[in-house]
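Engineer: Quick note: the sequence shown uses our numbering, first residue 591, plus one each step. From the three backbone atoms N, C-alpha and C, an ideal C-beta is built for every residue, glycine too. Got a structure for you, questions after.
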Amino acid sequence: MSKTLLVVGWDAATASHLNLFDLPFYDDLDESGILKPESFWQDREVDSGSAWTTITTGLSMWEHRVATLSGMIESPWQLRALASVDGLVPRDFFNTPARIWFRRLSLGKQPTNADIPFKRVWHYVPNALSAFVPLTHPPKPTDGVTISGFPSPDVAVEPKDLEQEITERYEGEPQRKFEDGGLRDDYVDDLFSCHEQRLETVSWLTEDRDFDLIFTVFTLLDRLLHVTDEGDERIKQAYERIDRSTETLVDHVDPDDVLIVSDHGMKYSPRWKWKHIHDEKSGIWAGTTDFGISTHLDVTPSIVSYMGHEMGESRYETPSSTGDTEAMERRLEDLGYL
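Put into C-alpha cells, the structure is as follows:
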C-alpha cells in the first residue's frame with residue numbers, strides 16, 4: 591500500500607525561536623532536532639542555494655557544484671584554498687559581508703536548475719508535487735507537478751498546461767525595494783500575502799489529485815527576518831502563520847507522515863542590507879516519526895527510503911535548456927543577495 595508524505599520547508603526556521611512561541615502543530619510533533627548543513631558549511635554562513643540543492647538531491651555541494659545562489663563551483667581547488675583561509679576574513683567589515691564577497695572570488699556563473707544535472711527527490715518518487723523549492727527554475731519534467739521557486743524570474747510550471755491556472759492563484763515573490771533602493775512600505779504585508787497564495791495554490795493542486803509526495807517550501811520567515819529587528823512582533827506572527835498553514839495542509843492532504851525541514855537558522859546581526867543573517871548551527875527538522883536525519887545530506891535518502899524506493903542513478907538527463915540568468919540576478923539583487 592502506498593504512503594503519502596508531506597514535506598514542508600520552513601526556510602530559516604530557527605531552533606531558539608521555536609522555544610519562544612506557542613506553535614500548537616509544531617509542538618505536538620513526536621520527533622525533532624537540529625539539522626546541520628554538510629561539513630563544509632558547518633562553520634560558515636550557509637547559502638540557501640547550496641543548502642536546498644543538497645537537501646533535495648542528497649548530494650554534496652562538491653558534486654552538484656552549487657556553492658551559492660549567485661555562483662557555481664568551477665574550480666574546486668580554488669574554492670578549497672580560499673575556504674581554508676576565509677575564516678580569517680571577518681563576516682562583517684565596515685557593515686558589509688566581507689566573507690561572502692571574498693568567497694565569491696572563486697566562483698563561476700550564476701546557477702539555474704538547468705545547470706544541475708541531477709535528480710531531485712521528486713524524480714526518485716513518482717507522483718510527486720514540488721512547489722516553490724528554491725533554485726528549481728526552469729522546472730524539469732516529472733510525472734507529477736513542479737512549480738519553480740526563488741529566484742525564478744517568473745512563475746514557471748511543469749507541466750506547462752497548468753501554468754495559467756497556477757499563475758491566477760500565485761503571483762510570485764514580491765519585490766523588496768523601490769527603484770531608489772529603499773525598502774517598500776508594503777513589503778512585509780506582501781510577504782504574508784505571498785505566503786497565503788502559496789498555501790492556496792498547494793491546497794488547490796491537492797484537491798483533485800492524490801500525490802504520494804508533496805514537497806513545498808515557505809520562505810516567509812527568511813524574507814521577514816532579513817528586514818526586521820530582533821523582537822519585532824511580526825516575527826512571532828510569521829511563525830504562528832506557518833504553523834497554522836502546515837496544519838491546514840495536513841488536514842487537507844491527510845498524509846501518513848509529515849516532515850518539516852529548515853535550510854538554516856537565523857541570528858540577529860545587522861549589517862549592510864540585512865537585520866538577521868543565516869546561522870548555520872540552528873536549522874531544524876521535525877516530524878511525526880523519526881526520519882533519522884541530522885544533516886542536509888540525509889534528507890533525500892531518508893525520504894526515498896521511507897517511500898519504498900531506491901535512489902539508483904543520480905544523474906538527470908534532459909534536453910538542454912537555460913534559465914534567464916539576468917532576470918534571476920535582478921531577483922537576487924532585489925532581495926539583497928548581490
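#1: Looking only at C-alpha atoms, which of Ala-671, Val-711, Glu-797, Asp-812 sits nearest to Pro-891?
#2: Report buried or exposed for Asn-703, applying the criterion of at least 16 other Cβ atoms within 10 angstroms of its Cβ.
#3: Which runs of the alpha helix (DSSP H), 4 residues or longer, sit entirely within the segment 705-784?
#4: Going by beta carbon distance, what residues of the same chain come within less than 6 Å of Thr-809, once the five residues before and after it are set aside?
#5: With distances taken Cα to Cα, identify the nearest neighbour of Thr-791 among Trp-642, Asp-844, Thr-646, Val-735.
#6: On the three-state DSSP scale, how would you describe Lys-626?
#7: Can you give me the C-alpha to C-alpha distance between Gly-821 and Ala-828, rounded to a whole angstrom?
#8: How many Å lie between Gly-873 and Glu-758 at the Cα?
#9: Expressed to the nearest angstrom, what Euclidean distance is found between the alpha-carbon atoms of Leu-625 and Ile-825?
#10: Within 10 angstroms of its Cβ, does Gln-632 collect 16 or more other Cβ (buried), or is it exposed?
#11: Which of helix, strand or coil does DSSP assign to Val-894?
#12: Should Lys-730 go down as buried or exposed, given a rule of 16 or more other Cβ atoms within 10 Å for buried?
#13: Which residue's Cα is closest to the Cα of Ser-933: Phe-630, Asp-637, Ser-895, Leu-719?
#14: Three-state secondary structure (DSSP) at Thr-806?
#15: How far does the beta strand (DSSP E) with Pro-860 in it extend, from its first residue to its last?
#16: Measure the C-alpha to C-alpha separation of Val-889 and Ser-738 and round it to an integer number of angstroms.
#17: Who are the Cβ neighbours of Gly-639 in its own chain at under 7 Å, not counting the five residues just before and after it?
#18: Taking the straight line between their C-alpha atoms, what separation do you get for Ser-910 and Thr-732?
Structural biologist: In short, the structure shows the following:
#1: For the residues Ala-671, Val-711, Glu-797, Asp-812, the minimum Cα distance to Pro-891 belongs to Val-711.
#2: The residue in question, Asn-703, is buried, as its Cβ has 16 or more Cβ neighbours within 10 Å.
#3: 711-714, 753-757, all fully within the segment 705-784.
#4: Within the same chain, Thr-809 has close Cβ partners Asp-601.
#5: Comparing Cα positions, the closest option is Val-735.
#6: Here Lys-626 sits in strand by DSSP.
#7: The straight-line gap from Cα to Cα measures roughly 12 Å.
#8: Gly-873 and Glu-758 have their C-alpha atoms spaced approximately 33 Å apart.
#9: If I take the Cα positions, the gap works out to 21 Å.
#10: Residue burial is scored here from C-beta neighbours: Gln-632 has fewer than 16 other C-beta atoms within 10 angstroms and is therefore classed as exposed.
#11: Val-894: helix per DSSP, three-state reduction.
#12: Counting Cβ neighbours within 10 Å, Lys-730 comes out buried, since at least 16 surround it.
#13: Here the chain comprises residues numbered 591 to 928, so residue 933 is not present and cannot be evaluated.
#14: Secondary structure at Thr-806: strand, using DSSP grouped into helix, strand and coil.
#15: Residue range 855-861 is occupied by the beta strand (DSSP E) that includes Pro-860.
#16: Cα to Cα, the separation comes out at about 20 Å.
#17: Taking C-beta separations shorter than 7 Å and ignoring five residues to either side along the sequence, the partners of Gly-639 in its chain run Val-656, Thr-658, Leu-659, Pro-701, Pro-724, Leu-725, following chain order.
#18: Note on Ser-910: pLDDT 48, under 50, position unreliable in the model; the coordinate value appears next. Looking at the two C-alpha atoms, the distance is approximately 16 Å.
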